[in-house]
Structures are given as structure tokens and as C-alpha cells.
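*Asks:* According to the working numbering, the sequence shown is numbered sequentially starting from 260.
Note that the Cβ used here is the ideal one computed from N, Cα and C, for glycine as well.
I have a structure here, written as C-alpha cells, and I will follow up with some questions on it.
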Amino acid sequence: GDSFAVYGLGTVGTAATCRFFSTAFGSRSSHFYTPVASECATVRGNPDWQFEGEVFGMTLPAGDGSCAAPEVPLYRLYNAGQGESPNHRYTTRLDVRAQMTGQGWVPEGNGIGVIGCVPGPATPAAP
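Structure below.
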């Protein structure tokens with residue numbers, strides 16, 4: 260039920276995020292997202308994945324996985340093939356990331372598994 264904010268496609272300073280879909284794994288269909296151009300190109304060459312397009316923007320994290328404020332890290336985790344099909348989950352919550360790694364999910368991305376940087380939660384206006 261969690262969600263995260265993104266930038267509109269073409270927002271200056273952001274990377275276009277590729278979205279893929281696959282039904283090659285039986286009844287377990289899956290979506291996959293990446294803002295990394297080289298990764299997008301690699302997955303586009305895999306016949307198991309259908310390229311659905313560039314769908315939104317996010318900034319790329321630093322090599323250590325950090326994001327410039329006020330952005331927050333977007334963690335990507337991979338199920339390592341559990342359940343007989345590849346699956347990825349995305350979260351901005353460090354507690355959810357920790358819970359998932361405890362269940363055997365593998366972090367992907369820079370640092371501790373940051374695939375991108377997204378807008379942080381809105382700051383309430385001062386009274």
C-alpha cells in the first residue's frame with residue numbers, strides 16, 4: 260500500500276525511467292523499473308521482458324547511494340528468484356528495506372541498494 264513520488268518525464272536533471280513487463284514466468288507477471296540507461300538497454304534486449312516505455316523521471320544517486328536533500332532514496336530489492344519468478348519491490352522506507360532483506364530479498368543499486376532519488380514527502384506549511 261505504500262507509494263512514492265516521482266518527477267514528470269523530461270524534468271530537467273532527471274533520468275528517464277524505463278518500465279518493463281513480463282508474463283514469461285507463468286501466471287506470475289511482473290513489472291520492472293530502472294532509471295539506469297545501460298540497464299534499460301540490457302533488459303530491452305531480453306525477450307522475456309516487454310519494454311512499455313519511459314514513464315517518469317528520477318535523479319540518479321551518488322556512488323554511495325546518497326541523495327541530495329530534499330530528495331529521498333528509492334530502494335530496489337530483488338527476490339533472488341524466490342517463488343520461481345523474478346520480482347522487484349521499490350520503497351523509500353528504510354524499515355521496509357530492512358524487513359525485506361531479513362526475508363532474503365537482495366538490494367540492488369548504489370550503496371545499500373538505492374536505485375534512484377525521488378521527491379521527499381511534502382513539508383507541512385508553517386502555521
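What residues are listed by DSSP as bridge partners for Glu-352?
*Replies:* Position 93 of the sequence shown, counted from the start, is the residue given in the question as residue 352. Checking the sequence shown, residue 352 turns out to be Arg, not Glu. Partner(s): none; Arg-352 has no beta bridge.
*Asks:* Return yes when the Cβ of Glu-311 is within less than 7 Å of the Cβ of Arg-335, no when it is not.
*Replies:* Along the sequence shown, one-based indexing puts residue 335 at 76. Along the sequence shown, one-based indexing puts residue 311 at 52. Cβ atoms of Arg-335 and Glu-311: not closer than 7 Å.
*Asks:* Leaving out five residues on either side along the sequence, give the residues of the same chain with a beta carbon under 7 Å from the beta carbon of Val-314.
*Replies:* Here residue 314 refers to the residue found at position 55 when the sequence shown is read from its first residue. Excluding positions up to five away in sequence, the list reads Leu-268, Thr-276, Arg-278.
*Asks:* Tell me whether the region 339 to 352 and the region 316 to 329 touch, counting them as touching only if at least three CB pairs, one residue from each stretch, are closer than 8 Å.
*Replies:* No: the two stretches stay apart, fewer than three of their Cβ pairs being nearer than 8 Å.
*Asks:* Where does Thr-293 sit, in a helix, a strand or coil, going by DSSP?
*Replies:* For the purposes of this step, residue 293 is identified with residue 34 of the sequence shown, where counting begins at 1. It is a strand residue.
*Asks:* Give the DSSP-derived three-state secondary structure of Gln-341 in the structure shown.
*Replies:* In the sequence shown, counting from the first residue as 1, residue 341 sits at position 82. Of the three classes helix, strand and coil, the one that applies to Gln-341 here is helix, per DSSP.
*Asks:* Use the C-beta contact count for Ala-274: other C-beta atoms within 10 angstroms, 16 or more gives buried, fewer gives exposed.
*Replies:* Within the sequence shown, numbered from 1, the residue matching residue 274 stands at position 15. Buried, by the Cβ-count rule.
*Asks:* For Pro-366, which beta-bridge partners are listed by DSSP?
*Replies:* Looking up residue 366 in the sequence shown gives position 107. Leu-336.
*Asks:* Assuming Met-317 contacts Gly-375 (C-beta within less than 8 Å), just tell me the rounded distance between them.
*Replies:* Here residue 317 corresponds to residue number 58 of the sequence shown, with the count starting at 1. Here residue 375 corresponds to residue number 116 of the sequence shown, with the count starting at 1. That belief holds up - the Cβ atoms of Met-317 and Gly-375 are roughly 4 Å apart, short of 8 Å.
*Asks:* Under 7 Å Cβ to Cβ from Val-271, same chain only, skipping five residues before and after it: list those, please.
*Replies:* For the purposes of this step, residue 271 is identified with residue 12 of the sequence shown, where counting begins at 1. So the list is empty, once near-sequence residues are dropped.
*Asks:* Pull up the CB-CB distance for Val-302 and Pro-332, whole angstroms please, since I reckon it's below 8 Å.
*Replies:* Position 43 of the sequence shown, counting from 1, holds the residue named residue 302. Position 73 of the sequence shown, counting from 1, holds the residue named residue 332. About 22 Å separates the two Cβ atoms, so there is no contact after all.
*Asks:* Under DSSP, the beta strand (DSSP E) around Cys-400 begins and ends at which residues?
*Replies:* Residue 400 is absent from the structure shown; the chain starts at 260 and stops at 386.
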